[in-house]
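Protein chains: 2
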Amino acid sequence: MKIVDSVSRMSTFTRLLKKEAKTIGFVPTMGYLHEGHLSLVRAAKKHDDTAVMSIFVNPIQFGPKEDFDKYPRDFKRDEELARSAGVDVLFYPSVKDMYPHGYATYVAVEALSSALCGASRPGHFKGVATVVAKLFGIVRPDIAYFGQKDAQQAIIIKKMAEDLHMGVEIKMMPTIREPDGLAISSRNIYLTDDERSDALVLSRSLERAGHLIKHGEKNPKKVLTAINDMIKEKPSVKIDYVSIAGTKDLKEVDTIGSEVLIAIAAYVGRTRLIDNIIIKAALSAIPK
Amino acid sequence: MKIVDSVSRMSTFTRLLKKEAKTIGFVPTMGYLHEGHLSLVRAAKKHDDTAVMSIFVNPIQFGPKEDFDKYPRDFKRDEELARSAGVDVLFYPSVKDMYPHGYATYVAVEALSSALCGASRPGHFKGVATVVAKLFGIVRPDIAYFGQKDAQQAIIIKKMAEDLHMGVEIKMMPTIREPDGLAISSRNIYLTDDERSDALVLSRSLERAGHLIKHGEKNPKKVLTAINDMIKEKPSVKIDYVSIAGTKDLKEVDTIGSEVLIAIAAYVGRTRLIDNIIIKAALSAIPK
Chain P
1 MKIVDSVSRM STFTRLLKKE AKTIGFVPTM GYLHEGHLSL VRAAKKHDDT AVMSIFVNPI
61 QFGPKEDFDK YPRDFKRDEE LARSAGVDVL FYPSVKDMYP HGYATYVAVE ALSSALCGAS
121 RPGHFKGVAT VVAKLFGIVR PDIAYFGQKD AQQAIIIKKM AEDLHMGVEI KMMPTIREPD
181 GLAISSRNIY LTDDERSDAL VLSRSLERAG HLIKHGEKNP KKVLTAINDM IKEKPSVKID
241 YVSIAGTKDL KEVDTIGSEV LIAIAAYVGR TRLIDNIIIK AALSAIPK
Chain V
1001 MKIVDSVSRM STFTRLLKKE AKTIGFVPTM GYLHEGHLSL VRAAKKHDDT AVMSIFVNPI
1061 QFGPKEDFDK YPRDFKRDEE LARSAGVDVL FYPSVKDMYP HGYATYVAVE ALSSALCGAS
1121 RPGHFKGVAT VVAKLFGIVR PDIAYFGQKD AQQAIIIKKM AEDLHMGVEI KMMPTIREPD
1181 GLAISSRNIY LTDDERSDAL VLSRSLERAG HLIKHGEKNP KKVLTAINDM IKEKPSVKID
1241 YVSIAGTKDL KEVDTIGSEV LIAIAAYVGR TRLIDNIIIK AALSAIPK
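Just so you know, the protein sequences line up as chains P and V, in that order.
Just so we're aligned, residue 1 is where the first sequence starts under this note's numbering, counting upward by one.
Just so we're aligned, residue 1001 is where the second sequence starts under this note's numbering, counting upward by one.
Below is the structure:
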């Protein structure tokens, strides 16, 4: 595994790969790798000649009161995990190299960025879209892999890549879960044992919502009530939002007909967690 | 000359050129071609295997009270001029193809877009950066050519291409002028004879400013006063701004040391015209 820690060396290297007509599969991450990230690497290994992973905790996607400084980091551990998963090139740039003095350019996928997580995290998705646009420019992937866990992120990046003709195919891969259903997240390490147990209500209420819809429920209000009622039983869980929205425009739906995204964000203790399912009326859950 | 009027066909064609390792020189325009545009085509013909020109009057860079609807258009005339200048591929997309229903992504070069023309045209440079990002994605140029006439635009695009690692070299080419000095612009056709005559004060006051600086003047206030005094003598000319700014950050300078951009925007009658020079203290004008 090659480790590249400068933007210019990474650009040079990816241009070389393109000249050799090698396809590049790309997994952008903020590190503190877990099974979710590694499943994306395995998908890239299967489809592409070269699997590139980036590790970059992107300051501009964190709000002033968010956890940028305390976001978990452990490069040595990540390096070993990346190597064992078969990453060919690990790109690990510094903040100063990504955002040098005088940096000025931002990308916003406006209509999709104020919904769901965008409402409580203003500027978050502008930060995400900007760093991914930069990473796509540096890495020049053919395919980039994102987890459905961050469905809004994946949908926004897909829209950006289409709108700006970036020539990158975006693949949204299934959320990886613990055996008991909790969606795997780098932020799960913040949870106490009790919070970890209460946090299960997120995946379970989504399962319940999926069950209702599979059995014919088309009224989003009834499904939302079922989710809210379940979550309210857990004292350490405070809902940020629960939303049933279209998977293209992220607008809340009046009736559950075509494919919808059911997304939850909640504080479990002081830790903000998200989870979601994508489902069609009267069909089983279909991760895209 | 090949004419391509769809985004998808143009994308397919430019990917084919890249596969054949042909270099692409690109001249994005809003049509109503004049000698300024054609000089850019000639530069592209000299440096690159294939010269691509786009003609697209970009709605999102016009303000609600600006001249989008009445902006001059004459495709047949443009087609002949492009052919005669040696354009290999003329890309002529529709608004609906560039901004389909649900279009959502915008690019802003924030720090550079509020200065100079950005102050009186809010959103203008966001519209410009967005359309050029799209065109770069579709056309995949090695080099893109912009006229110094729109120096702020060229500086913003250069910054965007660097910040987002677009792999496109931006060349700013000298402003083309009428024999009497008026900078050539598609908007010059709006001028009456008297306005056309008064409009000469723009290039002449810039010449005067250049003369002062070449003879040692380093105080921007004195140079600005000289320009303002000359312009005020012309009754049909109303200054929007006169600015002496750094060519990298477009911030107004306290002293004329390194390279500066002296830029003027003024209404001549109801027509807004711009002109500029780039100059170093005690040296002759150096178009980049």
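Cβ atoms here follow ideal geometry from the backbone N, Cα and C, with glycine treated the same way.
Taking a 10 Å sphere around the C-beta of D198/P, we find 16 or more other C-beta atoms and assign the residue as buried.
The DSSP-derived three-state label of L182/P is coil. Neighbours of L38/P across chain V, judged by C-beta separation under 9 Å, do not exist; the nearest C-beta is about 27 Å away. If you look at S1084/V, you'll find it in the alpha helix (DSSP H) that goes 1075–1085. With its beta carbon at least 8 Å from every one in chain V, E79/P lies outside the interface.
For H165/P, the nearest beta carbon of chain V is closer than 8 Å to its own beta carbon.
Spanning the alpha carbons of S203/P and A265/P requires a straight line of approximately 11 Å.
With its beta carbon less than 8 Å from one in chain V, V107/P belongs to the interface. Here F146/P is bridged, per DSSP, to M172/P. Within the region 169–202 of chain P, no residue has its Cβ closer than 8 Å to any Cβ of chain V. In terms of Cβ geometry, I1227/V and V1237/V do not form a close pair [threshold 8 Å]. Annotated as proximal: I156/P and S113/P, with beta-carbon spacing under 8 Å. G1147/V is positioned such that its CB atom lies no closer than 8 Å to that of T1130/V. Residues of the region 6–23 of chain P that bring their beta carbon within less than 8 Å of a beta carbon in chain V comprise V7, S11, R15, in sequence order.
Among the residues of the region 86–115 of chain P, those with a Cβ less than 8 Å away from any Cβ of chain V are G102, Y103, A104, T105, Y106, V107, A108, V109, E110, A111, L112, in the order of the chain. Taking the CA atoms as reference points, Y32/P sits about 29 Å from K18/P. Here A21/P is exposed: its Cβ has fewer than 16 other Cβ atoms, across all protein chains shown, within 10 Å. With respect to chain P, the C-beta atom of D1249/V has a partner C-beta closer than 8 Å. In the DSSP secondary-structure assignment, D97/P is not bridged to any residue. R1073/V and T1029/V have their C-alpha atoms spaced approximately 12 Å apart. At the C-beta level, I1138/V and M1010/V come within 8 Å of one another. The CB of A1154/V never comes closer than 9 Å to any CB in chain P; the least such distance is about 15 Å.
Excluding sequence positions up to five before and after R1208/V, its CB lies within less than 8 Å of the CB of A1226, I1227, M1230, all in the same chain and listed in chain order. Within the DSSP bridge table, the entry for E1252/V names A1245/V as partners. For G137/P, the nearest beta carbon of chain V is closer than 8 Å to its own beta carbon. Sequence-distant Cβ neighbours of A133/P in its own chain, meaning closer than 8 Å and more than five residues away, are V107, M160, L164, M166.
Secondary structure at V1223/V: helix, using DSSP grouped into helix, strand and coil. Under a 10 Å Cβ-count criterion, A183/P is classified as buried, with 16 or more other Cβ atoms of the shown protein chains found around its own Cβ. Residue environment analysis places E195/P among the buried positions, since at least 16 neighbouring C-beta atoms fall within 10 angstroms of its C-beta. For the 8 Å CB-CB criterion, I189/P and G25/P do not form a contact. When the five nearest sequence neighbours on each side are left out, the beta carbons in the same chain lying within less than 6 Å of the beta carbon of I1277/V are those of L1206, G1210, I1262, A1285, in order along the chain. Secondary structure note for D1005/V: it is in no beta strand (DSSP E), with a DSSP letter that is neither H nor E.
Judged by DSSP secondary structure, G127/P falls within the alpha helix (DSSP H) whose first and last residues are 124–139. Cβ-Cβ distances below 6 Å link V168/P to F136, P141, A144, A161 in the same chain, with the five nearest sequence neighbours on each side left out; the list follows chain order. For K158/P, no CB of chain V lies under 8 Å from its own CB, so it is not counted at the interface with that chain. Counting the other CB atoms within 10 Å of its CB gives A1282/V a total below 16, which places it among the exposed residues.
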